[in-house]
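*Asks:*
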Ligand SMILES: NC(=O)c1ccc[n+]([C@@H]2O[C@H](COP(=O)([O-])OP(=O)(O)OC[C@H]3O[C@@H](n4cnc5c(N)ncnc54)[C@H](OP(=O)(O)O)[C@@H]3O)[C@@H](O)[C@H]2O)c1
């Protein structure tokens, strides 16, 4: 009998790629979604509504593993105080909802694996290379990720192996960050943002999905893991590489920080600040990144 993986927010960018990989690797996949969706041969959909504390419990009861990707898009809208609350609640209250089903049913999953972000180390510019022992930051991203990760503690206390994947900027074809950036670079108007010196830890979608698969298959994987290539890409390096792929040398000056702040408000921190991070911890457990070169990763992703 196939093992079942339930993915919360599995209809999103990462979830769609991960679903394909899991199906190819012989798992059956279920997806928790806020929308009504048609089951396919490979995927069963279940509904939930985190704000109303509703969940179709069958989804959890049928699962051997749960991968928690659900959450309001962090870059989806300006960070007003109500948006910030939604960003946190959609990640944290959703875990609590799953926890309640696990606790009441005494269901022992094989693992609960949650997304988290390299943002746990904060939107800070600096030279320190962050590993999993680096203390979380006290800014909005740091606090969000801490709450997100801490929400998994009660699940770990049920005796369930719990993993947190601190994800860098995910590069993939036709979605995520590159979807917004590519048209500007395609028209040769792309340039670096702000000082351009801010680090941008990134990961190719195939590598991220392979880390989730390894987290399922390898029971030695417990706790927090960084998932980003440690090549010290700055925004300038990223922008120059993308421009080169689109066949030009950047000719415009860097987009000034003040303009980005006017356009994005506090959310501008997402693109104007960033820290270095290392993924040695997962590499020591035998994980090999397929895409270690930004050039190769971007070439694979741009259309
Ligand atoms: N992509 C990146 O670069 C990146 C980097 C670091 C961390 N991450 C994290 O990795 C996870 C997956 O990323 P992604 O890029 O796949 O995100 P995504 O494309 O925005 O997908 C997230 C999914 O979460 C569900 N969702 C959204 N708001 C929700 C809410 N209020 N309550 C319950 N579910 C909600 C949606 O599914 P339904 O509409 O079907 O409900 C959505 O498809 C996210 O938690 C993200 O923060 C991503």
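Numbering (full-length UniProt numbering), first residue to last: 1 to 303.
Ideal placement from N, C-alpha and C gives every residue a C-beta, glycine not left out.
The structure presented is a predicted model; accordingly, all values stated were derived computationally and were not measured.
(1) With which residues is residue 48 paired in a DSSP beta bridge?
(2) Looking at C-alpha atoms only, which residue of 59, 117, 88 and 116 is the closest neighbour of residue 105?
(3) Pick out whichever of 177, 65, 291 and 263 has its Cα sitting closest to the Cα of residue 8.
(4) Taking its Cβ as the centre, do 16 or more other Cβ atoms sit within 10 Å of residue 249, making it buried, or is it exposed?
(5) For residue 49 and residue 133, what's the separation of their Cα atoms in angstroms?
(6) So the candidates are 34, 262, 112 and 88; which of them puts its Cα closest to the Cα of residue 224?
(7) Below 8 Å on the Cβ atoms is my guess for residue 260 versus residue 271; work out the distance and round it to an integer in Å.
(8) For ligand 1, any of its heavy atoms closer than 7 Å to the Cβ of residue 72?
(9) Indicate, with yes or no, if ligand 1 has a heavy atom lying under 7 Å from the CB of residue 258.
(10) For the beta strand (DSSP E) holding residue 202, just list the boundary residues, first then last.
(11) Helix, strand or coil: which one does DSSP assign to residue 10?
(12) Exposed or buried, which one is residue 69 when buried takes at least 16 other CB atoms within 10 Å?
(13) So, residue 236 versus residue 268, is the Cβ gap smaller than 8 Å?
(14) Return helix, strand or coil for residue 83, following the three-state DSSP convention.
(15) Run the CB neighbour count on residue 256, radius 10 Å, all protein chains shown included, and call it buried at 16 or more, exposed below.
(16) How do the segment 134–141 and the segment 195–206 stand: do at least 3 beta-carbon pairs fall below 8 Å, yes or no?
(17) Please give me, in chain order, every unbroken run of the beta strand (DSSP E) with length at least 3 that falls completely inside the segment 99–176.
(18) Thinking C-alpha only, which one of 232, 200 and 303 is nearest residue 245?
(19) Under three-state DSSP, which class holds residue 67?
(20) How long is the line joining the alpha carbons of residue 103 and residue 139, rounded to whole angstroms?
(21) Taking the C-alpha atoms as reference points, what is the distance between residue 36 and residue 12?
(22) In angstroms, rounded to a whole number, what distance separates the CA positions of residue 121 and residue 189?
(23) If you reduce the DSSP assignment to three classes, tell me which class residue 269 lands in.
(24) Helix, strand or coil, according to DSSP, for residue 297 in the structure here?
(25) Specify, as a first and last residue, the run of the alpha helix (DSSP H) that residue 263 falls within.
*Replies:* In this structure, then:
(1) 55
(2) 59
(3) 65
(4) exposed
(5) 34 Å
(6) 112
(7) 6 Å
(8) yes
(9) no
(10) 202–204
(11) coil
(12) buried
(13) no
(14) helix
(15) exposed
(16) no
(17) 111–117, 162–167 and 169–171
(18) 303
(19) strand
(20) 32 Å
(21) 14 Å
(22) 31 Å
(23) helix
(24) helix
(25) 257–264
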